[in-house]
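**Student:**
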Amino acid sequence: MTGSWGSSRRVLTKFCKQHAPPGTRSLYRSCEAPGCTTHAYYGYVSTGVKRSCARHKEDGMVFIERPRCSTDGCNRYPLYGASQIGGTHCSDHIGDIIGTPIYFDQECNVRGCKRVASWGSTAAPYVLTHCETHKLPDAVPL
0 MTGSWGSSRR VLTKFCKQHA PPGTRSLYRS CEAPGCTTHA YYGYVSTGVK
50 RSCARHKEDG MVFIERPRCS TDGCNRYPLY GASQIGGTHC SDHIGDIIGT
100 PIYFDQECNV RGCKRVASWG STAAPYVLTH CETHKLPDAV PL
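Counting in numbering that gives the first Met the number 0, the sequence shown runs from 0 upward without gaps.
Next up, the structure:
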C-alpha cells in the first residue's frame with residue numbers, strides 16, 4: 000500500500016491510512032466541503048486545481064488527472080486513437096481520428112491476464128487482442 004499520511008507537507012509520506020499513528024493526517028489535498036476529509040480529485044478544467052471529492056463535486060467539475068478527448072470542449076475519456084498513439088478521442092468524436100480508429104482500453108484476451116492489450120491483427124477492424132507476453136506469432140503492435 001502506498002503511504003499518503005504523515006505529520007507535515009515537508010516530510011515524505013510514511014504511512015497508509017490504516018497504519019497512520021494518531022496526530023498524522025493525509026498529505027494530499029482534501030475536499031473543500033466543510034467536514035469532508037476525502038481526497039479531492041475533481042475541479043474545473045480552466046484552473047486544473049483539485050477541489051472536491053466525487054460526492055461534493057459541482058456542475059462542470061471533471062476528474063482532473065484523467066486524460067480527456069482531444070476534441071475542444073469535450074471532457075470524456077479517450078478510448079479510441081490511431082496506431083501507436085494511444086487513446087485520443089472518445090466514442091462521440093471517433094470520426095475525428097485520421098486513419099483507422101483502434102480501441103485502446105482492452106485487456107489481454109488470455110484468461111487471468113490483466114495487462115493492457117497492445118498487439119493484434121491488421122485485418123479490419125484493428126482490434127487489440129494480446130499483451131506483449133501473450134502476443135500471437137503473427138500479431139503486430141497496433
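A virtual CB, placed ideally from N, CA and C, is assigned to each residue, including glycine. The structure displayed is predicted, hence computed values, not measured ones.
1. Start and end of the beta strand (DSSP E) containing G119?
2. DSSP three-state call for I63: helix, strand or coil?
3. According to DSSP, V126 sits in a beta bridge with which residue or residues?
4. What does R114 pair with, by DSSP beta-bridge criteria?
5. Going along the chain, which residues of its own chain have a beta-carbon closer than 6 angstroms to the beta-carbon of R67, five neighbours each way excluded?
6. By alpha-carbon positions, which one of I97, C130 and G34 ends up nearest to A81?
**Tutor:** To lay it out plainly:
1. W118 to S120
2. DSSP, read as helix, strand or coil, puts I63 in coil.
3. S120
4. Beta-bridge pairing links R114 to no other residue.
5. Only N74 meet the Cβ criterion.
6. The candidate whose alpha carbon is nearest that of A81 is I97.
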